[in-house]
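Student: Got a structure here, written out as structure tokens. Questions coming.
Number of protein chains: 2
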Amino acid sequence: MKLHWSSRSPYVRKVMICVYELGLADKIERIPSVVSLTKPNAEVMRYNPLGRIPTLILDDGRVLHESLLICEYLDSQYNGKLFPPLLPNKGEARWTALRRHALGNGLLDALLLWRSEIGKPVARQTPEWLTTFALKTRNALEVMEADADALARTPFDIGHVGIGTALAYLDFRFADFGWRTGHPRTDAWMQQFLQRESVVKTTFIDA
Amino acid sequence: MKLHWSSRSPYVRKVMICVYELGLADKIERIPSVVSLTKPNAEVMRYNPLGRIPTLILDDGRVLHESLLICEYLDSQYNGKLFPPLLPNKGEARWTALRRHALGNGLLDALLLWRSEIGKPVARQTPEWLTTFALKTRNALEVMEADADALARTPFDIGHVGIGTALAYLDFRFADFGWRTGHPRTDAWMQQFLQRESVVKTTFIDA
Numbered sequence: 006m007k008l009h010w011s012s013r014s015p016y017v018r019k020v021m022i023c024v025y026e027l028g029l030a031d032k033i034e035r036i037p038s039v040v041s042l043t044k045p046n047a048e049v050m051r052y053n054p055l056g057r058i059p060t061l062i063l064d065d066g067r068v069l070h071e072s073l074l075i076c077e078y079l080d081s082q083y084n085g086k087l088f089p090p091l092l093p094n095k096g097e098a099r100w101t102a103l104r105r106h107a108l109g110n111g112l113l114d115a116l117l118l119w120r121s122e123i124g125k126p127v128a129r130q131t132p133e134w135l136t137t138f139a140l141k142t143r144n145a146l147e148v149m150e151a152d153a154d155a156l157a158r159t160p161f162d163i164g165h166v167g168i169g170t171a172l173a174y175l176d177f178r179f180a181d182f183g184w185r186t187g188h189p190r191t192d193a194w195m196q197q198f199l200q201r202e203s204v205v206k207t208t209f210i211d212a
Numbered sequence: 006m007k008l009h010w011s012s013r014s015p016y017v018r019k020v021m022i023c024v025y026e027l028g029l030a031d032k033i034e035r036i037p038s039v040v041s042l043t044k045p046n047a048e049v050m051r052y053n054p055l056g057r058i059p060t061l062i063l064d065d066g067r068v069l070h071e072s073l074l075i076c077e078y079l080d081s082q083y084n085g086k087l088f089p090p091l092l093p094n095k096g097e098a099r100w101t102a103l104r105r106h107a108l109g110n111g112l113l114d115a116l117l118l119w120r121s122e123i124g125k126p127v128a129r130q131t132p133e134w135l136t137t138f139a140l141k142t143r144n145a146l147e148v149m150e151a152d153a154d155a156l157a158r159t160p161f162d163i164g165h166v167g168i169g170t171a172l173a174y175l176d177f178r179f180a181d182f183g184w185r186t187g188h189p190r191t192d193a194w195m196q197q198f199l200q201r202e203s204v205v206k207t208t209f210i211d212a
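Protein sequences, first through last, are from chains B and C.
If you number the first sequence the way the numbering used here does, the last residue is 212 and the count never jumps.
If you number the second sequence the way the numbering used here does, the last residue is 212 and the count never jumps.
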């Protein structure tokens, strides 16, 4: 399989964490790909009309894009019964995992727009947006803090991938935000997450 | 259940189409909610830290947000075996449905950012973004056109909801784009989609 990939994309990192968890790293050829709204990537667009990454090209030529879909596909095809699925099949465990993932992923959506806004010349920035992104981030951290002990007790799944990747992206791009202040339980959980092999091997690099 | 809702949100519309398909309309209390990046909605944020809609509050107080997750939850809890699931349980049917949904939903993500960019004073717009959004939309329509006959032959599922809602949003907010030109198969499929009861009952209204 081929994966349009970047060491800076949090959506790619979610997929790569799953890839390492599933022991699939040697089955995936990574194609370094830079995408942005200012410079669309024609090569990625050959496979994904929306020009976003991660975009996975299966060996039979079919294409999957959107990180959660790729994670679910890989988990269902390659997990076997070695360990609990990264996406629990059904019941409360599934909704809890997907709710956590949605919180982490929704925070990522906000963070990427926030960063893109900050990167504009000041005259092009919309000040209300900047305020809103900070508010959303603070709110999300509050919800994560209330859930952190339960998260720590849950077997590793896509919920951990979603929450952990969002927090790692805060560290990577918004270090000054200081998210750990006031969120000791989330911080404690994150210290464990950051030691996991699949997480270590997918560290963000500003190449 | 209570749903933070708007007649203008395509993500809400996807959920509401599923709600009507599942015969759940009288079980869902709609709470009209206006959200935007310039004016965050404090009431929605009480339930969803990211302040986005749709946000579903279950009768036991748990909260689900992110439209695909809400659709999957409602389908799995309320579909029973009356008809094929809106999210096929597994195998090729599931990947095909979710790929189509990802294409429609990813197009919606681009369209909402595009519209938000167009709504800014010209001095704050980023011209390259406008070009990229138009390119993504043309690309997505090409992929949809190549798939339209297969889509028409597939039993109604979340793939149809995703594609149809994106095209309906193009009609609603980008009528001048003229997406039907050059896409006769997609147009033919869309004419059927627009007659479906769940789609008629969820028409976009610029309230």
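The beta-carbon is built from N, C-alpha and C at its ideal position, and this holds for glycine as well.
(1) Return the chain-ordered ranges of every alpha helix (DSSP H) run that is complete within the stretch 21-63 of chain B and spans a minimum of 4 residues.
(2) Taking Cβ positions only, does Lys86 of chain C come closer than 8 Å to chain B?
(3) Spell out whether any CB of chain B is found under 8 Å from the CB atom of Val205 of chain C.
(4) Counting contacts by CB-CB distance shorter than 8 Å, is Lys125 of chain C in contact with chain B?
(5) Using a beta-carbon distance cut-off of less than 7 Å, what residues from the stretch 138-156 of chain C approach chain B?
(6) Which residues of chain B have a Cβ atom closer than 7 Å to the Cβ of Tyr78 of chain C, listed in chain order?
(7) Output, in chain order, the set of chain C residues within a Cβ distance shorter than 7 Å of Glu71 of chain B.
(8) Along chain B, which residues have their Cβ under 9 Å away from the Cβ of Leu175 of chain C?
(9) Of the residues C:Tyr83, C:Asn144, C:Phe161, which one's Cα is nearest the Cα of Asn53 of chain B?
(10) If contacts are defined as beta-carbon pairs under 8 Å, then Leu92 of chain B and Arg104 of chain C qualify, I think. What distance do you get, rounded to the angstrom?
(11) What are the boundary residues of the alpha helix (DSSP H) that Trp194 of chain B is part of?
(12) Below 7 Å on C-beta distance, what does Trp184 of chain C contact in chain B?
(13) Using a C-beta cutoff of 8 Å, does Leu117 of chain C count as contacting chain B?
(14) If you measure beta-carbon to beta-carbon, which residues of the stretch 41-60 of chain B are closer than 9 Å to chain C?
(15) Does DSSP put Leu87 of chain B in a helix, a strand or coil?
(16) Where does Lys141 of chain C sit, in a helix, a strand or coil, going by DSSP?
(17) Distance, Cα to Cα, Thr186 of chain C vs Trp194 of chain B?
(18) Among C:Val20, C:Thr136, C:Asp80, whose alpha-carbon lies nearest the alpha-carbon of Gly96 of chain B?
(19) Is the shortest distance between the beta-carbon of Ala171 of chain C and the beta-carbons of chain B less than 8 Å?
(20) What does the Cβ neighbour count give for Ile210 of chain C, buried or exposed, with the cut at 16 atoms within 10 Å?
(21) Please return the same chain residues whose Cβ sits closer than 7 Å to the Cβ of Arg57 of chain B, not counting the five positions on each side in sequence.
Tutor: The answer reads as follows:
(1) Every alpha helix (DSSP H) stretch that sits fully inside the stretch 21-63 of chain B and reaches 4 residues is listed by chain position as 47-52.
(2) If you number the second sequence from 1, residue 86 of chain C lands on position 81. For Lys86 of chain C, the nearest beta carbon of chain B is not closer than 8 Å to its own beta carbon.
(3) As a position in the second sequence, residue 205 of chain C is number 200, starting the count at 1. With 8 Å as the cut-off, Val205 of chain C does not count as an interface residue toward chain B.
(4) As a working note, residue 125 of chain C is residue 120 in the second sequence. It does: the Cβ of Lys125 of chain C has a partner Cβ on chain B nearer than 8 Å.
(5) Within the stretch 138-156 of chain C, the residues whose Cβ lies closer than 7 Å to some Cβ of chain B are Leu140, Lys141, Asn144, Ala145, Glu147, Val148, listed in chain order.
(6) As a position in the second sequence, residue 78 of chain C is number 73, starting the count at 1. Listed along chain B, the residues sitting closer than 7 Å to Tyr78 of chain C by beta-carbon distance are Trp100.
(7) One-based indexing of the first sequence puts residue 71 of chain B at position 66. Ordered by position in chain C, the residues that pass the 7 Å Cβ test against Glu71 of chain B are Ala107, Gly111.
(8) Counting from one through the second sequence, the residue named residue 175 of chain C turns up at place 170. Going along chain B, no residue has its Cβ under 9 Å from Leu175 of chain C, so there is no contact; the nearest lies around 14 Å.
(9) Residue 53 of chain B sits at position 48 when you count from the first residue of the first sequence. The candidate whose alpha carbon is nearest that of Asn53 of chain B is C:Asn144.
(10) Taking the first sequence and counting its residues from 1, the one referred to as residue 92 of chain B is at position 87. Taking the second sequence and counting its residues from 1, the one referred to as residue 104 of chain C is at position 99. No, Leu92 of chain B and Arg104 of chain C are not in contact; Cβ-Cβ is about 16 Å, not under 8 Å.
(11) One-based indexing of the first sequence puts residue 194 of chain B at position 189. Following the DSSP letters along the chain, one finds Trp194 of chain B inside the alpha helix (DSSP H) bounded by residues 189-198.
(12) Working through the second sequence from its first residue, we reach residue 184 of chain C at position 179. Per Cβ cutoff of 7 Å: no residues; Trp184 of chain C is ~13 Å from chain B at best.
(13) Position 112 of the second sequence, counting from 1, holds the residue named residue 117 of chain C. Closer than 8 Å: no.
(14) Answer set for the stretch 41-60 of chain B: Ser41, Leu42, Thr43, Lys44, Pro45, Met50, Asn53, Pro54, Leu55, Gly56, Arg57.
(15) For the purposes of this step, residue 87 of chain B is taken as the residue at position 82 of the first sequence. Leu87 of chain B falls in the coil class under three-state DSSP.
(16) As a first step, residue 141 of chain C is located in the second sequence; it is residue number 136 there, counting from the start. Of the three classes helix, strand and coil, the one that applies to Lys141 of chain C here is helix, per DSSP.
(17) On the second sequence, residue 186 of chain C is found 181 positions in, with the first residue counted as 1. On the first sequence, residue 194 of chain B is found 189 positions in, with the first residue counted as 1. So the two alpha carbons sit approximately 53 Å from each other.
(18) Translated into the one-based positions of the first sequence, residue 96 of chain B becomes position 91. Comparing Cα-Cα distances from Gly96 of chain B to each of C:Val20, C:Thr136, C:Asp80, the minimum goes to C:Asp80.
(19) For the purposes of this step, residue 171 of chain C is taken as residue 166 along the second sequence, with counting starting at 1. It does not: the Cβ of Ala171 of chain C has no partner Cβ on chain B nearer than 8 Å.
(20) By one-based count along the second sequence, residue 210 of chain C stands at place 205. Residue environment for Ile210 of chain C: exposed (fewer than 16 other C-beta atoms within 10 angstroms of its C-beta).
(21) Position 52 of the first sequence, counted from the first residue, corresponds to residue 57 of chain B. Around Arg57 of chain B: Val40, His70.
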